[in-house]
Each structure stands twice: as structure tokens, then as C-alpha cells.
Amino acid sequence: MTPEAPHIDWAGLSPIVALTAGGIVVLAAGLFRGAWLRRYGVPLLTLLTLGATAGLSIWQWGEDKAIVSRALAVDDLAMFLNLLFCAGAIAAVVLALRDSSPEESGHGEWHALLISSVLGMTVLASAQNLVVVFLGFELLSIPLYVMCATNLRRSKSLESGLKYLIVGSVGSATLLYGLAMIYGATGATGFEQIATALSSQAGLIDDPLTLTGIGLIVVGFCFKVSAAPFHQWTPDVYEGAPTPVTAFMAVATKAAAFGAFVRLFDVALIDAATNWSPLLAAVAVASIVVGNVGALTQTSLKRLLAWSSIAQAGYMLAAVVVADREGVEALAFYLAVYLVMNLAAFAVIVARERETPFGDDIRSLAGLGASRPALAWPMTLAMLSLAGIPATAGFIGKFTLIGATVDGGYTWLGVAIVVGSMLSLYYYLRVVAAMWLSDVPVPAAREPVPAIAGGSPELDAAADPEDGAGQDAGPDRPVSQAEATAVAVLFGAATLFFGILPSPLFDLARDAGSALGLL
Amino acid sequence: MDIGWYLAVSALVFCTGAGGVLVRRNPLVILLCLELMLNAANLALVAFARMHGSGDGQIFALIVMVVAACEVTIGLGVIVAIHRRRLPVDVDELRELRG
Amino acid sequence: MSPTTWGWLVLAFPLAGTVAVALGWRALPGKLPGWIGTGAVFASFACAVGALLSLEGREGEEAKTVVSTAYEYANTLGVDANLTILVDPLSVFMILVVSGVSALIHLYSVIYMWEDRGYARFFAYLNFFVFSMLLLVLAGNFFFLIVGWAFVGAASYFLISFWYRRRTATRAGIKAFVMNVIGDVGLVLGTYFVFKHVGTLDFVAAFEKVPDEFAHNDGDLVAGCILLLVGAVAKSAQIPLHTWLPDAMEGPTPVSALIHAATMVTAGVYLIARMHPLFEQAPAAADVGAILGCATLFVAATIALTQTDLKRVIAYSTMSQIGYMIMGVSAGAYAAGLFHLMTHAFFKALLFMAAGSVIAAMAGIQSLDRMGGFRRSMPFTFGCFVVGGLALAGVPPFSGFFSKDEILLLVGDRGGWHWILYAVGYVSAFLTAVYTFRMIFRAFLGDSVPEARELEGGHLHHAETPVNPMTGEEEDTEVGFPGPGHFIAEREWPMKTAMAILAVGATVLGVLQIPHVTHVIDSFLEPTFAGSEFAHHEPSDGLIAFGLVLGTVLALAGIALAWFLWVRRPELPARIRSGLRPLYELSFNKWWFDELYDRTVVRPSRAVGGFFRERFERWVIDGALVGGPTGAVRGGSAFVRAIQDGYLRVYAGLLVLGVVGVALYFLIVSA
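Residue numbers (my numbering), protein chains in the order written: chain A, 670 to 1188; chain B, 917 to 1015; chain C, 173 to 843.
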């Protein structure tokens, strides 16, 4: 008698299969000799893979099933997050087309790493099991550690890679230890079994094992979403990593981590909410304070966005604390909005890094309103949206977040969000003012290109003649940044669009929010 | 034997690892310490699997081993890259990024 | 096509006109912006007629209320703010009046504004106003009502301050805007009170729930209705929020005709009529409305008697006439109030256009003291002015006679203290006849002023240096000031056409609703007001006959008195003035409302503001409140960045510290 093969739901598994296959193909394609193939074929294949994944996720929209021995959930929340990951990764590929990091580390490898990171995210977003949570986290983090360091000739990039690796691994180990404790306390790794165990066995919620586990998991997750006081890797890594990688990391990692966050805390550990919700609320407030305060005096745009992302993580954590359907809806909506506005901002930074000698310094934006309105407008919209000004998507997002906290009985968290937003106006508007109110700075003739500059050889080479002759008055080099501009304009327009007509996105977020079956 | 002993050893190993990460400056040694932390978790997992009489913890531990190997490999790769850039292999010297 | 399709088209044309003119102002040559704007509004009027026919083609009362949602704007957190229009007899009636009168005023403006440097800007604003007003009356829920309400306020502000280099004009614009914002706040809060109970913003759904959700004169409902009334009072320039309207005459004359006479200021009347299910459940609030309307109609009529600025006289007459409408709709005479709204739109727009023509002949001067004798040189304008005046004074068979009498008839028929309103209404009707014909006699009869003689000689007067008619300051004719050219109806066919059509309307529209003869308005509006408790009430024949006779007699007596005072014995008014000094002062100084507000609101708030700026701001805000948090934030920022010192081991250390912190927390909690 032959053993019966387990049933495999290929349809539900299809996004993961597509990513795996695509990753292998891309890695292999990178081995071919043709420069054209490596330079354009590989990104094209990557885009195809990501597009296929997004398409398959849309195809699976509306499903609600558990696959692979109930270890992965295929539901609207997972598919919604899949779409976000793909959007972030596609933007990163486009922004990296002219970047030096794939050049230095190998196109095939760079893109395969990107795909495997997306794979980790999709796994994490549908995790229904402690093992899968850990696996997903590592699968998304390990490629990112490498990608941060792919600017092999720039010491900052290497430094950021190593820092991320070490601090990240400490975070992972902490998380793992916490997962082990939960397993020890409940005897199960599946979320449903854990929830059953916690609700059925008296005293288990306050068991020291459970408490230790919850505490360690909170630390591990907060580390991954870069919430204070576990945020310190964020500014350094954001600044050091190649900017397209930063853009991807900022938007997609956050979405994936928050996806797992709500699944684990709002479903599996929901009965222990009395234990973890004050803790998470405290972390949320700490993040809002630390992030906004830290961003105030930054001059590096990437660091500024890093600190702002810490604050935004605090806002989103508030939705996890609320732990009801409205909270998850608001979170899903905000994650999408967060992606849109951050990608617009990062696209502008990428373009300006290559056009000016100032790198990602705020000076690179000076006079942008007059010289490059196509970049200045998306950046302006992104900043206003991050600050939560009406008629932008960020306003609607924050409005729903605050609404969710108030309805969930955490009005004071809503107040914290409002206060944090008021603080944040200062530094977001500083960026806007730099674009519209200041003149184009003319670098001194003999000033060497600062070390902060993009660091790519092409840029350094292009900078040389200007040093000697100074034939160009303006610092803008005639480098076409069509693809970066296109990304900026696209996401800038989306910021405005969803700010004025939010309901298409609302509908998606509502479906995603309903997936967990919360009240 | 009581499960508490296993947990005590596991916790001790975890703390040793964490302490090592905090005090050592050589990234290679830090990677070793990270291994210690992961393996402490493995020990706990296997002990719990034994206690509950289920295989889940053991499978978990196996997967963690694979992941740990990946992590170390990546770490070594980054350290080599840093070395080739003639940068100091000392985490305290790597502080160009700050503020 | 369904009525709502027509309704969307009604909205689409003026919006398209706004966008086209606003974006193409540099490219559009000559009078093209004017013609585009005019064409858009005429198209809108055609669609309004389409909506009328399509609605009339439907059978049954239920079928006459049609709702269409184009877009679900925000359907979350219990709010249902959809882009919905409601097409029913009331809204169709309103869009017909608004788009019809607007179209004619656009036509007039094509010439009247021609030499102004802001020609295209003017039409962009004017089309935007029409769009906003149509949005207001077509809105199918509170949300878009508020949006339209705020839009017309903004459009009114733009147009009052159209000559933005005139200090008086910008001040008037600000005054109007502030007063209107008070109304907006009232409207929003009132909506909130209603929404809190019925749980929906949709009109149809909300009104259905009103009888179940609210008791008779329920406290919340009365509060909500009073707040809605604040909105209506501010927008319709009723006491006590009326002082902006006379100042709004700083805008160009077509603006006064369109916004501050025919359409926008009647929005309050529309609001009360639309909200009648609420007001009928809260009669206390409706009574407040009726009393305010009655007070306004009397006060404004007395003020109009002594004003010397031609446009301001008409402005006060507008306030007074809207007072009749507000009183009417608040007292349940919906169809009558709306009927008066329509006839008033015709004759008041006509009066303003004729006044604009006279002002043009005077090269911008508006003072009645300087006018006289234009009868011969401007026969057409004179004729139009007289037609408008007869309609306003309520002389049969002109339109105003029937509509005003209908309101007073139904108000009186309510009995009780409503008889006071009835009496005041007729007294004011007499005053109306007096001030209207005072204006006509002083401008057109008597000796010809130099400008009139110049015009008789075939030459239109042009001032050497243009001056601000209010302050006498010298001006130039660049953008931001009125243009150099002036245009009178006698010479320009578009102005003549617009005025002629309005004159015909002002003359004959009364036949739509003659007691015992015709009931066009009543039966048309029937489906909207079918649920009203005042719907099927018939006053007695005696009362009807008494009212018609009394109205006629008072109007003719008023005209006769005006003729006696200002034509026959022109020296008499000065003697009366000195004999009745206190009354004259009261009227001439507009009952000191401006001074009252200045003393009680403006100056105290300025003093408080000054105190806060000088003392509180410096010591408390800058010192303690701002200084404290700012310092804390600065210190925090420095601290956070100091920890971020680049040492990897510190980062890991903080992480471990966090773990310890969490462990401690759980220890404390579980212990």
C-alpha cells in the first residue's frame, strides 16, 4: 500500500511558488555573460516575477483558507500585504536601474536577494504558526542584511550591513527565545492551538513561561518594526544602505512585520491582551516621542525619514493595541498609505542623490520647486501626507487610525498620535520649505565632492570637471532621471488621489481587515 | 529530570551569548555569541518538545539550525567585504553612521 | 433621460465653464471668456428645463423625488458622505430660478464688465458661484449641502473683493466672509445635532426618521434647528447677522444682482424649506425664524428710506424682501415663500441691472444725491426700473404683488400672534413702496444732472480720474480697480436683452399663482411638501379679498406719498428730517447695528486680543508654554541623538536593556 501524498493547494501557494521560481531564474540569468542581459534582462525578469506574484495575489483575492497543514493562511490580509510588498519591490527595482549597488554586487545576486526577501515577507504575512513566523522573519531579514552592504565600495554601506546583521540577529534570537517559551507554555506552534490553549487552560495567561515569551516576542517584533526603544539600528541602516534598498526596506519590511504582528497578537495571543496591551501601548507612545524628537534636527533626508518611520511605527502600533477589526482595517489602510508616501519621497531622494553633490542632505532639495517641479511636487505631497495634512492620503490614514483608537477605548493613544503629528510638522515642513523657499546653492568652486555624496564612481567622475572649470553655474547635472521621476510622480499622484478619493483603498483595507475574523 | 534544569541551562547559554555580544569587539566573536543565543533557544525547544511529547519543537529546532547557518555565512561574507575594503574589523571603529 | 441625469448636467456645465475660463484666461481672446461663461450657464438652464420636463413626466408623488449617487466619497465610521444629488420639485424649482437668472446676468455682464482688466477672472468666479449654488440646492445630503454652502460663501468673498485694490472692497469681503463663517459653523453644528439622532446624513433617510427619533419640540432638535437657522440667517442677511450685505455692494453691480439679490442670499429660505420636516417637529425654532424674518423686513425697510447710495437702498430692500420669505417659510407658507423667492429674483435682478446702467452713466458714482433727470436720456433703463419698482412695491398686476400677499395671507391665517407679523408685513409693504419710488423719482425725475445732460447730447460721461465712490480716493483703471469703460443698457443689445426678459418676467410671473385662479407653484411643489401639516390649508375668501385690497391700497398710497415728497414738494423731506430727528438718525445710521457690534464684539475682542498679544503671548505662551515644551523637545532631541552614537554595542545593549525592562514590568505586574 503506497502512502497517500498530502494534498497541496497549488493555487493558494502560487505567489510563493512564483517568487521561488523567479528568484532562481533571476539568479541564473545573472550568470550569463552579456552585459545587456545582466543590466536590463535581470531587472526585467525580476519585474516579471513580481508582477506575476501580484497578479496571482489578486487572483487569490477573496479566498479564505489555510494551506500547508494550516501553517499558512491565504486570506485577504495576506494578499493585500503581498500587493504592498510587490509594489515596494517593483519601485526598488526601477529606482535601482541606474544604481551602483547591483553593479558592484552583481545584478543577478542583487535581484535574487530582493526576490527572496519578498518571499520571506509573503511567508511572514500569511504565517499561522510560530515556526513560520521565525522562518519568514529570517527569510526577509537575511537578504536585506546583504543588500544593505551591496555598495561594496562605500564604507557606510558595509557598516550599515554589519550593524543591521548583528543587531538584527540579536533581535531574531530574542524573538526566537520568546517563541520557544510560548511553545513551552502552550505545547503548540499553531496560532489556533495557542489561542485555544490560552483560553481553555486556567492560569496559563499569567504563567511565567507565557509572560516571558510574550515579553521577548514583543521585543523581537518591536525591533523588526523599529519601534522605540528598539529602534536604534533604523537611522544608521537607512542612511548607510543604498537608497533603493532603503526605500524597499522602509515600506515593505514594516508591512510584513505588522502583518505578522496582528496575526500573532490579535489572534493567537488575544486572550493575554491584558498582559501585552499596556506594554505595546507604552512602546507606541515611546516610539511616537522618540521618532519625532529624533527627526527634528536631522539634515540627512534618509535619516530624517528613518526617524519619521519610527514615529509612524508608533502610530501603527496603536492600531495593533486596539486589537479589533476597525484597528486592523485602519492599520491595513495606513500601511498602504505609508508605502505610497514614502516611495514618493525616496524616489525624489534617489533622483537628487544622482543630480547634486549633496547626497541625501537636505541641501540637495534647495530650489527644487523652481528647477524641478516634477520632483518638488511629489516630495511636497509626500511630506504633507506624512505630516497628515488634509487632502492627502496621510490625513485620511491618520484619521482612521485615530478613529480606531478612540472607538477601541484608547483615546489617549489617539491624543498621542495627534501630539506627535504636531511635532512632526516641524521637520516635514522644513523639507517643504527647503524646496520652495530657498535658492539653489552653488557649491564653492574648489570644494571637493563631500564624502556624503552618492559615492558611486560615475557620480564622482562626473563631478570632477566641474571642480576645475566650473562651467556649469547650477549644481544640477543634466542627468536624466526619468524612471525615478516617474516613480515619484506616480506615487505623489497616488498620495493626492487617495487623499481625495480614499474609498477604493478603503474597500480593499476593509476586506483585509475582515480576514482575521475579529469583531 | 525536571524541565527546569534544561531551561536554566538554556537561559544561562542565552545570557552568555547576549553578554558576549555586548562586550566583544571582534565581529567574528560576536557571530559566535549570536550562535550561542540561537542554540540556547534550540535547547529550550527540544526540551519542551520532550516535555509535551510532540515533534513540533524538534522540527522548529532543525529549522533554526538551518537559519543560523545562513546567518553566520552572511555575517562572514560581510566581514570579508569589510576586510577587503581595508576597514578595521572592530565594531567600535565602525561608527561613521551615527546621530 | 432621467431627472438626475439632467441634474448632473446642470452641475457639469458651470463647472466646466469655470475650469475652461480659469485655465484659459491668458489664451482666450476678447469677449470669449464672457461668452463661454454665459453659454455654460445657458446650457445649465436648458438642462434644468430638461430636468423639469423629465420630472413632470413621472407619475405619482413618490416618483418625484429622485436620488442619484455618483460616488461614495466616505462611507466609514458611521458617516455616509456620498456625492449624491436629490432631484425633487423643490430642487428643480431652485435650479430653474438660479440658472435662469444667472444666465441673464451673465449675458448682461459680458458687456458690463468688458473693459475691466479682470474680465476672465470675473467670469471664472461667476461660473464657480453658479456651480456652487447649484450644488447647494441639488445636494442630496447634509455633507454636500455644507460643501455647497461653503463654496458659495467663498465665491461671494471672491466677488465682493473682486476689485481687490480697493480697501473698502477687501474689507467688505472680509466682513461678509466672517459673518458667513458664523453661519457655516451654525449649519455644521446643527447638522451634527440632527446626525447624532438620525445617524445618517442623507436627506431622504434623515427626514423619514425625524418623527420617530424626535419628540415634538425635542430639546436637541430645537437646538439643531436654531443652529441651522443661524446658518440661514447669516447667508440670507437677516437680523442679527445682516450687516455684511450692504457692504457687499462693493462688488461689481452684476455680482450684486446675482449673488446679493437673486440667488445666494435666498439660500437661507431654501434651507428652511428643505428642512421643513425638522422645523415642523420643532415649532419653537420655526417661530424664532418667523420673528427674525419679520424683524428684518421691518428694520431693513425703515433703513432703506433714508439711504442715499443707490445700490445700498436696493440692498436693504433685498434684506427686507428676504425677511418676507424667511417669515413665510418659517410660518409654513413654503410655496408662497418660494414663489416670492422667484418673483423677487426677477425684479431685484432687474432693479440691480437698471441701477448698474445708471451708475455707468454716472461713471461709477452711486449717490442718489448726485443723480436726477435720467428719464429722458435713458428711457429703456427708466422703464425697466419702473417695472421692477412696481413689482417690488407690490402694485397689481405685477409679480411681487401676488407673491408678497400670498405670504402675508398664509401667515395671518395662522392666527394668534401671527397677526402681529401680518400687520408688520403690511406696514413694511407701505414703506417699501415709499422707498422704492423715492429712489426712482430721485434718480430719474427732477432736473437733469450734468451727466444726464451729457448723455442727452449723445455722449457717455467719463471721469477724468476715477475715484472710489465710497471714500473719494483716487484710483487708476488697472487690474484690481474698475476698468475705464462704462456701458449703459440703451447702447448694448446683450444688456438690453437680459433686462427686457427680466422685465417681462417681473411683470407677468404673478399669474402663476393667483388666489382662486391659478395654482402652478403650489401644485408643482406639492410632492415636496406633501407631508407638511400646513399643506392643505385654505384661507377664507374674506381674508384673501381683504389682503388683496389692502396690498393694492398701501402700495398706491406709498407711491403717492413718495411722489408728493420727492417730486411735488421736494423741500418737504428736509423739514421732516429735522422734525423727526431721532427717527431719521435711527434709520440713517442703520439702527446702529454696526456700531453695536463694534462696541460689543469687535472692540472688546480687539482689546482682549491686544492684551493676549502683548502680555499673555510674551510671558505665558512664549515663556512658559512654548519655552517649556520647546526646551523639553530640544533636550529630548539632543538626548536621543546622543544615544545614537554609532556604537553597535550600545545598540545591542539598549535592546537587552529593553528586554530587562519588559521582564521587570512583568515581574511587577504578576507580583
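Backbone N, C-alpha and C define an ideal beta-carbon position, used for all residues, glycine too.
Can you grab the Cα-Cα spacing for the pair residue i / residue j, in whole Å?
{"i": "C/F365", "j": "C/A326", "result": "25 Å"}
{"i": "A/S1090", "j": "C/N254", "result": "28 Å"}
{"i": "A/A910", "j": "B/A957", "result": "30 Å"}
{"i": "B/I998", "j": "A/V711", "result": "27 Å"}
{"i": "C/A341", "j": "C/F451", "result": "37 Å"}
{"i": "A/A924", "j": "A/Y984", "result": "13 Å"}
{"i": "C/G803", "j": "C/A810", "result": "10 Å"}
{"i": "A/M918", "j": "A/D733", "result": "28 Å"}
{"i": "A/P684", "j": "A/T718", "result": "9 Å"}
{"i": "C/P418", "j": "C/M534", "result": "20 Å"}
{"i": "A/D1030", "j": "C/V841", "result": "46 Å"}
{"i": "C/V780", "j": "C/D648", "result": "39 Å"}
{"i": "C/L582", "j": "C/L593", "result": "11 Å"}
{"i": "A/G1078", "j": "A/L1185", "result": "20 Å"}
Report the neighbours of residue i on chain C: residues whose CB is nearer than 8 Å to its CB, in chain order.
{"i": "B/L938", "result": "R821, A824, G825, V828"}
{"i": "A/L717", "result": "Per Cβ cutoff of 8 Å: no residues; A/L717 is ~35 Å from chain C at best."}
{"i": "A/Q870", "result": "Simply none; closest approach about 17 Å."}
{"i": "B/D1008", "result": "Y819, L820, R821"}
Regarding residue i and the ligand GTP, is the C-beta to nearest heavy atom distance less than 7 Å?
{"i": "A/A1060", "result": "Of the ligands one can find in the structure shown there are none, so the ligand GTP has no counterpart to examine."}
Classify residue i as helix, strand or coil using the three-state DSSP reduction.
{"i": "A/T689", "result": "helix"}
{"i": "C/D288", "result": "coil"}
{"i": "B/D972", "result": "helix"}
{"i": "C/A433", "result": "helix"}
{"i": "A/K825", "result": "helix"}
{"i": "C/E645", "result": "coil"}
{"i": "C/L150", "result": "The displayed coordinates of chain C run from 173 to 843. Any statement about residue 150 of chain C would go beyond what the structure contains."}
{"i": "C/L255", "result": "strand"}
{"i": "C/T669", "result": "helix"}
So residue i contacts chain C; which residues on that side make the cut at Cβ distance below 7 Å?
{"i": "A/P904", "result": "Q816"}
{"i": "A/V887", "result": "V834"}
{"i": "A/V959", "result": "V812"}
Taking Cβ-Cβ distances shorter than 8 Å, what residues in chain B pair up with residue i?
{"i": "A/A951", "result": "Under the 8 Å cutoff, chain B gives no residues; its nearest Cβ is about 22 Å from A/A951."}
Give every residue of the same chain whose Cβ lies closer than 6 Å to the Cβ of residue i, excluding the five residues on either side of it in the sequence, and list them in chain order.
{"i": "C/M611", "result": "V485"}
{"i": "C/L279", "result": "T210, P666, A670"}
{"i": "C/V238", "result": "P175, T176, V259"}
{"i": "A/I851", "result": "G882"}
{"i": "C/V571", "result": "The sequence shown places Ser at residue 571 of chain C, rather than the Val named in the question. If we look at C/S571 and ignore the five residues flanking it on each side, its Cβ neighbours are T515, A563, A678, L681, G682."}
{"i": "C/V269", "result": "M514, A517"}
{"i": "C/G179", "result": "A223, I257, V259, L310"}
{"i": "B/I946", "result": "V937, R940"}
{"i": "B/D1006", "result": "R941"}
Near residue i, which residues of its chain fall below 8 Å by C-beta distance, leaving aside the five closest residues on each side in sequence?
{"i": "A/T689", "result": "L788"}
{"i": "C/L826", "result": "I815"}
List the residues of chain A that residue i touches, going by C-beta distances under 8 Å, in chain order.
{"i": "C/E835", "result": "The sequence shown places Ala at residue 835 of chain C, rather than the Glu named in the question. Going along chain A in sequence order, the residues near C/A835 (Cβ under 8 Å) are T881, G884."}
Residue i versus chain B: which residues are under 9 Å apart at the beta carbon?
{"i": "C/R813", "result": "R1014, G1015"}
Taking C-beta pairs closer than 9 Å, name the residues in chain A that residue i reaches, listed in chain order.
{"i": "C/F838", "result": "P877, L880, T881, I883, G884, N944, L948"}
How would you list, in chain order, the residues of chain B whose beta-carbon sits under 7 Å from the beta-carbon of residue i?
{"i": "A/T858", "result": "D972, F976"}
{"i": "A/G811", "result": "At residue 811 of chain A the sequence reads Ile, which differs from the Gly that was named. The contacting residues are C986, E987, I990."}
Under 7 Å Cβ-Cβ, which residues of chain A neighbour residue i?
{"i": "B/A957", "result": "A842, L845, Y846, A849"}
For residue i, go through chain C and note every residue whose CB falls closer than 9 Å to its CB, in chain order.
{"i": "B/R1011", "result": "D817, G818, Y819, L820"}
Query raised in the report: Just by C-beta distance, which residues in the segment 821 to 835 of chain A are closer than 8 Å to chain B?
Result: L821, R822, S824, K825, L827, E828, S829, G830, L831, K832, L834, I835
Query raised in the report: Of the residues that make up the segment 839 to 853 of chain A, which ones have a beta carbon closer than 8 Å to any beta carbon in chain C?
Result: V839, G840, T843
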